[in-house]
Amino acid sequence: MSDMMVYRGNPFNEIEELGDGMFRLHMGPQHPISGQGRFIILTDGERVFDIEVDIGYSHRGTEKLLEHRTFIQGIVPVERMVMIDTANILMGYVGAVERILGVEPPPRANYIRTIVMEMNRIISHLYALGLLSESAAWNPAVFLWTTADREPFLDLLEMLTGARWSYSFFVPGGVRADIPRGFKERLLVTLDWFEKRIDVIEEAWIYNELFRMRTEGMGVVSRQEAIEWGVAGPNLRASGVAYDTRKNEPYAAYGELDFKMVTHTAGDAYARGWARVEEMRVSVDIIRQAIENMPDGPVRVRVPQRAKPGEALFRVETSRGEMNVYIVSDGKDKPYRVKISPASFRNFFAIEMIPKTQTVLLADAPVLIYSFDPWFLDADR
Amino acid sequence: MVDIVGFVEANLPIFIKILLFPGLLFIFGFVIFAVWYQRKYLARIMLRMGPVHCGKRLGWLQLVADAMKLLTKELIIPRAANKIVFIVVTFLLPVIPAAMIAVIPFAPGYVIYPASGYSLLLFFAISTLFPVVGILRGWAANNKFTIIGAFRMIYLDIAGEIPVFLASIGVMIWAGTYDLQKIVELQKGMWFVFPQILGFIVFFIGFLGMIEKIPFDIPTAESELVYGPNTEYSGAMFLNMMLSDYANVLAWTLLMITLYFGGYNGPTIFPNPIVNGAFWIIVKLLIAISILFTIMITYARLRIDQAIRMGWSYLLPLSLLNILLTIILKFFLFGGVV
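Residue numbers (the numbering used here), protein chains in the order written: chain A, 1 to 381; chain B, 1 to 338.
As structure tokens, this is what we get:
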């Protein structure tokens, strides 16, 4: 990667260097689709031979920051990793802290956490679908539709937690507040409305002939490749691997709820988009069950300040896939070391590998990238 | 000493046509209106308001504000660019669609340049200049995105323009003339879209490719090529690019209306035939661009290989079939008289 970063003045020098009319196209960090990173694409003008993902533009040293903060102070840096998916990201950290402190959250808190996490998953998937549609050159129509559809959920989260985004709602030992009066009724009305809305999005967009032309059979990840490359989340399930941390290693209230796992056998960009739409339906189902079966009781228990020396690992299924949080403690009120293994990092690896196994055209590159729903801040940590 | 005043007085009608309608003022007015209308229309579909700050709720002054902003911006020319070509191309580009509009009749006998009965051929002859200037601007900027965009533009123009031309040959055979004025006069009874429905379908899809809007905005594909051949242009030069873009839409839409939807024909509302013709052509233009914008917002962009395959394997055979059907229909069923 280092030799690619040298600025050579004349951009066409590398044509001579690479030969055969090949050159490197730098998508990002200033490019309509790049986000806070860069894709270095080796191309002959239309065919993509190699995609190199250049992460690290927004590295903030989250893991190092956590070593200098008490366990509860670490909440805010962690949830800044993925602003759109704060609850699921934070669950990983809070769950690991609870394990190392040796506390168990009360059951009601687990149910409230599940509701917040699934609402957050819906929000995140809506955003991902909007970006996928924009990469396949919708004018931002679908993006703004999905953005508008997030609003009722953001309002509900504001009602529950006090903030629309980045609400620091989960704390070691439970959640900060109980469900307010009127929340349940409003939530159920919103879910009824949203189920109809999913049908509209599906009809306008997922079944759109031109969208299928662009995404079907493009960026195929086979079952075997998905396992080898460590693809995570809905992308993994779209390749036919039935793995979901919510099912395989239940946390919060997922073990007590009955929901189906969305899998698709095609493994192409279309399957990855479709899997996200179906997962939103599953999320609606989970929220309904959780709000109906919620037990009574406290929502927060007291936790000790200091952890015993030891280590703890917590897996959590974020919207982009499984995230692992590993904490080592040396008996102080601060962690000795925190290691976060985010899902986007592994999905970026699949983006790098796909052009090596199949034909990808330059116009496919944005669709390919956004079908994985990558998040640079997640991978950068 | 040239007698300018005398020259102008002697040629007053042609000066009015060139400067006011359907010349410069009309083109500028249409571009400003079309951009505003596009922003407001698409905004409603996107659940937004569109521009609301300049010019009250309608935001009609927003385009003026944008133009002022672009005109006062610094002109940035890349260091590696060929400066002369880079700048000259921006002034050449809006001239081509303007010249294409010059052959379109707006009322009986109201044409800037009648081209002595060959106006349809002249329209296509001028339109072939577009890819030439397109590759010039892509090459002059000396940038990877602009080069890829320029080559895509050529591929797309060749794949789209041949079916469009062959589809309009169907109209030429049906009408028996190259003259757009006569083609419009022949549509007094029936629009040619009905006997030429197959040709119209081919023409319309090729037309979407010619104006380079979604689903065929492949040369300027934002999600991969930023703004295609126009990527490096800034300020007033960018304004010229926008102008040529929308003037191109205007020229091709006018041709479609003239060939298939009866041109300036319509019920008499205004006693003056020129005002009446202009009124109907503008009404048809507004309906056409509304349909165009709706297509723009509801479809994804095709890939370049899919678009070229569509052009060569579907549109080209269909346009040839249309010519055959037209000949059979006209000479064997109608006996050569429309």
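All C-beta atoms, glycine included, are put in the ideal place defined by N, C-alpha and C.
With 8 Å as the C-beta to C-beta threshold (strictly closer), list the residues of the region 280 to 301 of chain B near chain A in chain order. Met296, Ile297, Thr298, Tyr299, Ala300 and Arg301
Mind checking if arginine 276 (chain A) is an interface residue toward chain B, Cβ cutoff 8 Å exclusive? no
Once the 5 residues before and after lysine 247 (chain A) are set aside, which same chain residues still bring their CB inside 7 Å of it? Met261
In the DSSP assignment, find the alpha helix (DSSP H) that holds glycine 95 (chain A) and state where it starts and stops. 86 to 101
Inter-residue CB distance, tyrosine 57 (chain A) and phenylalanine 372 (chain A) (contact presumed, cutoff 8 Å): Not a contact, Cβ separation roughly 18 Å.
Could you tell me which of A:Phe23, A:Met27, A:Leu368 and A:Met22 sits nearest to tyrosine 227 (chain B), measuring between CA atoms? A:Met27
Please state whether DSSP places tyrosine 7 (chain A) in a helix, a strand or coil. Since pLDDT at tyrosine 7 (chain A) reaches only 44, below the 50 mark, its modelled position is unreliable, and the value read off the structure follows with that caveat. Three-state DSSP puts tyrosine 7 (chain A) in coil, outside helix and strand.
Could you please tell me which residues of the region 115 to 146 of chain A, in chain order, have their CB closer than 7 Å to any CB of chain B? Glu134, Ser135, Ala136, Ala137, Trp138, Asn139, Pro140, Ala141, Leu144 and Trp145
Burial state of arginine 152 (chain B), where buried means 16 or more other Cβ atoms lie within 10 Å: buried
Step through the CB atoms of chain B and report whether any lies within less than 8 Å of the CB of arginine 38 (chain A). no
If you check the beta carbons only, do alanine 247 (chain B) and proline 97 (chain B) fall under 8 Å apart? yes
Under the rule that 16 or more other beta-carbon atoms within 10 Å means buried, what is histidine 59 (chain A), buried or exposed? exposed
DSSP three-state assignment for methionine 323 (chain A), whether helix, strand or coil: strand
Can you tell me which of A:Ala141, A:Ile40 and A:Arg47 puts its alpha carbon nearest to the alpha carbon of leucine 47 (chain B)? A:Ala141
Across which residues does DSSP place glycine 61 (chain A) in a beta bridge pair? None; glycine 61 (chain A) has no bridge partner.
Sort B:Pro215, B:Asn272 and B:Leu166 by Cα distance to threonine 326 (chain B) and report the nearest one. B:Leu166
Against chain B, with Cβ distances strictly below 8 Å, would isoleucine 437 (chain A) count as a contact? Residue 437 (chain A) lies beyond the range of chain A shown here (1 to 381); nothing can be said about it.
Check the DSSP bridge columns for aspartate 54 (chain A) and list the partner residues they point to. A:Arg38
For isoleucine 112 (chain B) versus glycine 23 (chain B), is the C-beta spacing smaller than 8 Å? yes
Hey, out of B:Gly170, B:Gly277 and B:Phe86, whose CA is closest to tryptophan 139 (chain B)'s CA? B:Phe86
Under the three-state reduction of DSSP, which class applies to glutamate 185 (chain A): helix, strand or coil? helix
Could you list which residues in chain B have their beta carbon closer than 9 Å to that of arginine 214 (chain A), in chain order? Ala300, Arg301, Leu302, Arg303 and Gln306
Measure the C-alpha to C-alpha separation of lysine 334 (chain A) and isoleucine 287 (chain A) and round it to an integer number of angstroms. 34 Å
Residues within the region 199 to 221 of chain B neighbouring chain A, beta-carbon criterion of under 9 Å: Ile214, Pro215, Asp217, Ile218 and Ala221
Contacting residues, own chain, Cβ-Cβ under 8 Å from isoleucine 201 (chain A) (five flanking each side not counted): Leu129, Val142, Trp145, Thr146, Asp149 and Val277
Identify which residue in A:Val221, A:Met91, A:Asn120 and A:Val103 has its Cα closest to the Cα of threonine 359 (chain A). A:Val221
Close beta carbons around cysteine 54 (chain B), own chain, < 6 Å, minus the five adjacent residues each side: Leu61, Gln62 and Ala65
Using 10 angstroms around the beta-carbon of phenylalanine 91 (chain B), count the other beta-carbons present and answer buried if the total reaches 16, otherwise exposed. exposed
Could you tell me whether any non-hydrogen atom of the ligand HEM is closer than 7 Å to the CB of proline 51 (chain B)? Among the components modelled here there is no ligand, and therefore nothing to report on the ligand HEM.
Where the beta strand (DSSP E) containing isoleucine 148 (chain B) begins and where it ends: Unbroken run through isoleucine 148 (chain B) is the alpha helix (DSSP H), 144 to 175; no beta strand (DSSP E).
Does DSSP put methionine 241 (chain B) in a helix, a strand or coil? helix
Beta-carbon contacts of glycine 230 (chain A) that lie in its chain and below 6 Å, excluding the five residues immediately before and after: Arg346
Can you tell me where the beta strand (DSSP E) holding arginine 315 (chain A) begins and where it ends? 310 to 318
Taking the CB atoms as reference points, tell me whether proline 114 (chain B) and proline 273 (chain B) lie closer together than 8 Å. no
Does the CB of leucine 156 (chain B) have a neighbour CB from chain A at under 8 Å? no
Identify each residue in the region 41 to 70 of chain B for which the Cβ-Cβ distance to at least one residue of chain A is less than 7 Å, and report them in chain order. Leu42, Ile45, Met46, Leu47 and Arg48
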